[in-house]
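Student:
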Amino acid sequence: MENSDKNQYLIFYIGKDVFAIDAEEIKEIISYTRVTKVPLMTSSVLGVTNIRGNVIPVIDLSIRIGIRENSKINKWSSIIIIKNNVNRPQEMGIVVDLVNEVYELESKDLEDVPVFGTKIPKIFIKNIAKIENKFVPILDHNAILDIEVLSKIDTGKIL
Numbered sequence: 001m002e003n004s005d006k007n008q009y010l011i012f013y014i015g016k017d018v019f020a021i022d023a024e025e026i027k028e029i030i031s032y033t034r035v036t037k038v039p040l041m042t043s044s045v046l047g048v049t050n051i052r053g054n055v056i057p058v059i060d061l062s063i064r065i066g067i068r069e070n071s072k073i074n075k076w077s078s079i080i081i082i083k084n085n086v087n088r089p090q091e092m093g094i095v096v097d098l099v100n101e102v103y104e105l106e107s108k109d110l111e112d113v114p115v116f117g118t119k120i121p122k123i124f125i126k127n128i129a130k131i132e133n134k135f136v137p138i139l140d141h142n143a144i145l146d147i148e149v150l151s152k153i154d155t156g157k158i159l
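Note that the sequence shown covers residues 1 to 159 in full-length UniProt numbering.
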């Protein structure tokens, strides 16, 4: 089997729910640090933080994907810094409750997103992986961090 068929994924928790994100897209993981609120942003945008001189927008992932209505930061909360890309010229941070581990998966371990039955909007899920007898949604960082959507004022809908 070739190594190119394998990818690494960061496993993390929001409450009791397990999620994953492609580790290739992650710049770094830091303990939760002070975030300065920015007025008139969607409820999922907690604000910005300064990391080594760089201002990083910070998103509460639990609010963004519709699991919670309010932020619940705990002593294990972390900010996962997602790399910038062509569609997103700036690094961005997502807050999660607990970072668990990096897990290696082969493409055969990934399944398509079910047509129905997911707790969160399907647009945020790239694939489903079976990890240690659990089905784990692999989140689509581009959908979650869509700058056009995040820069709009919250109208009460999932943005």
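We put the beta carbon where it would ideally sit given N, CA and C, even for glycine.
#1: Considering Cα atoms alone, identify which of Thr42, Thr36, Pro57 and Phe116 is closest to Pro89.
#2: Please state the DSSP three-state secondary structure of Asn7.
#3: Where are the beta strand (DSSP E) runs, 3 residues long or more, that stay fully inside the UniProt domain "CheW-like" (6–150), in chain order?
#4: Quick test of your reading: Ile144 and Leu61, contact by CB under 8 Å. State the CB separation rounded to the nearest angstrom.
#5: Would you be able to state if there are at least three C-beta pairs under 8 Å between the region 31–38 and the region 108–119?
#6: What residue from Lys83, Arg68 and Asp97 has the CA that sits closest to Asn74's CA?
#7: Please determine, among Lys134, Ser44 and Ala20, the residue with the shortest C-alpha to C-alpha distance to Val99.
Tutor: Considering the structure as presented:
#1: As a working note, residue 89 is residue 89 in the sequence shown. Shortest Cα-Cα distance from Pro89 to any of Thr42, Thr36, Pro57 and Phe116 involves Pro57.
#2: Walking along the sequence shown from the start, residue 7 turns up at place 7. Correct three-state label for Asn7: strand.
#3: 6–14, 17–22, 26–31, 45–51, 54–60, 78–82, 92–96, 98–106, 125–131 and 134–139
#4: As a first step, residue 144 is located in the sequence shown; it is residue number 144 there, counting from the start. As a first step, residue 61 is located in the sequence shown; it is residue number 61 there, counting from the start. Cβ atoms of Ile144 and Leu61 come within 8 Å of each other, at about 7 Å.
#5: Between the region 108–119 and the region 31–38 there are fewer than three C-beta pairs closer than 8 Å, too few to call the two in contact.
#6: Here the question's residue 74 lines up with position 74 in the sequence shown. Of the candidates Lys83, Arg68 and Asp97, the one whose C-alpha sits nearest the C-alpha of Asn74 is Asp97.
#7: Residue numbering aside, residue 99 sits at position 99 when the sequence shown is read from its first letter. It is Ala20 whose Cα lies nearest to the Cα of Val99.
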